[in-house]
Amino acid sequence: MYSQDILDRKIGALDWGIIFSILILFLIIYIPRSIWMEESEIRNDARERMLDISNSQDFYFELTGKYSTNGEHLFELIEAAMDSLIADSTFTGSQSLNLSDGKYTINIERGFEVKVDTTFSDAVIMRKVKLDTIYTVGMKNEDSGGVDTLFVNVRDLKSFTNDEMFYDIFSSDTTSRTEIVTDYLRKKYHLSNERLYCPITHEKFYFDIDESDSENPIFTVSSPVPDDYTEPRFLVFQFEAGRHGSIKGGITTWASE
């Protein structure tokens, strides 16, 4: 028969074996899951960056009539055009932009800044409280010789008080109302040059302009990451980038996934 000490040691070893097995099982389940999540997050990030580039090229084409192979210049021109129109609502038609590498002529339409903001920025739903003041005014009536009573808001009050038939302001009443508005400038999105680079390899995304049809050029942005790209994780596991895809003429290759 085993002595009590030997039994205790065997039970202790068995306990540690069970704990170790549970730990290994946990790691086998948890680590692949964390890698899958990382793969998905990076793939989505890369695709969002390509969407930013593709949308920017569409706006660039609208402003200049052509596409650009220079990503930094692309982002700078779009940001400058949008900021100029926000600062000056009359900045429309044929205009010049002074950028870091020179002066560029663009043709910008009214509302361009709204299109850019609604494309890139996240909408913020806000509640605004507004005060409305209604005035009770009297206006002389030539026909009856009396005074007619009218209700006038603050915007129109001056036109009544300046009228030669104005008699008096009898009273006023102020009420509050809540309006729900959508604000895109509160969380304004900026096209940083970091968006031009792949989040895995840190190489620039590939730009291609097909000008075989000079009247309808086609822009394509694609990932520099090969479909079979892998990286080691935790010695025995692998990170697999998968297919990041491309965008050609505004159409994504992952639309059907």
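Numbers given in this note's numbering equal positions in the sequence shown, counted from 1, plus 70.
Yeah, the Cβ is synthetic: ideal placement off N, Cα and C, and Gly gets one too.
Just so it is clear, the structure is predicted and the values come from calculations on it, not from any experiment.
Three-state class that DSSP yields for residue i in the structure shown
{"i": "Lys173", "result": "strand"}
{"i": "Lys185", "result": "helix"}
{"i": "Met235", "result": "coil"}
{"i": "Ser159", "result": "coil"}
{"i": "Lys228", "result": "helix"}
{"i": "Tyr130", "result": "helix"}
{"i": "Arg113", "result": "helix"}
{"i": "Ile178", "result": "strand"}
{"i": "Tyr72", "result": "Unreliable placement is indicated for Tyr72, whose pLDDT of 49 sits below 50; no coordinate value is reported for it."}
{"i": "Asn168", "result": "strand"}
{"i": "Tyr267", "result": "strand"}
Residue i - partner residues in DSSP beta bridges
{"i": "Thr245", "result": "Asp202"}
{"i": "Gln308", "result": "Pro302"}
{"i": "Ile317", "result": "Val291 and Thr322"}
{"i": "Lys210", "result": "Val217"}
{"i": "Arg197", "result": "Ile250"}
Contact under 9 Å by Cβ, residue i with residue j
{"i": "Phe129", "j": "Ile148", "result": "yes"}
{"i": "Pro294", "j": "Tyr276", "result": "yes"}
{"i": "Val199", "j": "Ser246", "result": "yes"}
{"i": "Arg313", "j": "Phe145", "result": "no"}
{"i": "Trp324", "j": "Arg117", "result": "yes"}
{"i": "Ile317", "j": "Ser110", "result": "no"}
{"i": "Thr231", "j": "Val207", "result": "yes"}
{"i": "Thr322", "j": "Ala311", "result": "no"}
{"i": "Asp141", "j": "Asn263", "result": "At residue 141 the sequence reads Gly, which differs from the Asp that was named. Against a cut-off of 9 Å, the Cβ pair of Asn263 and Gly141 comes out as a contact."}
{"i": "Ile94", "j": "Phe307", "result": "no"}
{"i": "Phe289", "j": "Tyr137", "result": "yes"}
{"i": "Glu249", "j": "Arg197", "result": "yes"}
For residue i, the first and last residue of its enclosing beta strand (DSSP E)
{"i": "Thr323", "result": "Element bounds for Thr323: n/a, residue is neither H nor E."}
{"i": "Asn223", "result": "Val217 to Asn223"}
{"i": "Ser292", "result": "Ile288 to Ser292"}
{"i": "Ile279", "result": "Tyr276 to Asp280"}
Status (buried if at least 16 other CB within 10 Å, exposed otherwise) for residue i
{"i": "Tyr100", "result": "exposed"}
{"i": "Ser154", "result": "buried"}
{"i": "Gln127", "result": "buried"}
{"i": "Arg103", "result": "exposed"}
{"i": "Ala157", "result": "exposed"}
{"i": "Phe96", "result": "exposed"}
{"i": "Gly315", "result": "buried"}
{"i": "Ile176", "result": "buried"}
{"i": "Asp218", "result": "exposed"}
{"i": "Tyr259", "result": "exposed"}
{"i": "Val222", "result": "buried"}
{"i": "Glu273", "result": "exposed"}
{"i": "Val224", "result": "exposed"}
{"i": "Arg113", "result": "buried"}
{"i": "Lys188", "result": "One point to set straight first is that residue 188 is Thr, not Lys, in the sequence displayed. Thr188 comes out exposed."}
{"i": "Ile270", "result": "buried"}
{"i": "Ile178", "result": "buried"}
{"i": "Met31", "result": "Summary: the structure shown does not reach residue 31, with the chain confined to residues 71 through 327, and so no result is reported for it."}
{"i": "Leu220", "result": "exposed"}
Residue-chain proximity (residue i, chain B), Cβ-Cβ < 9 Å
{"i": "Glu183", "result": "In summary, chain B is missing from the structure at hand, where a single protein chain is found."}
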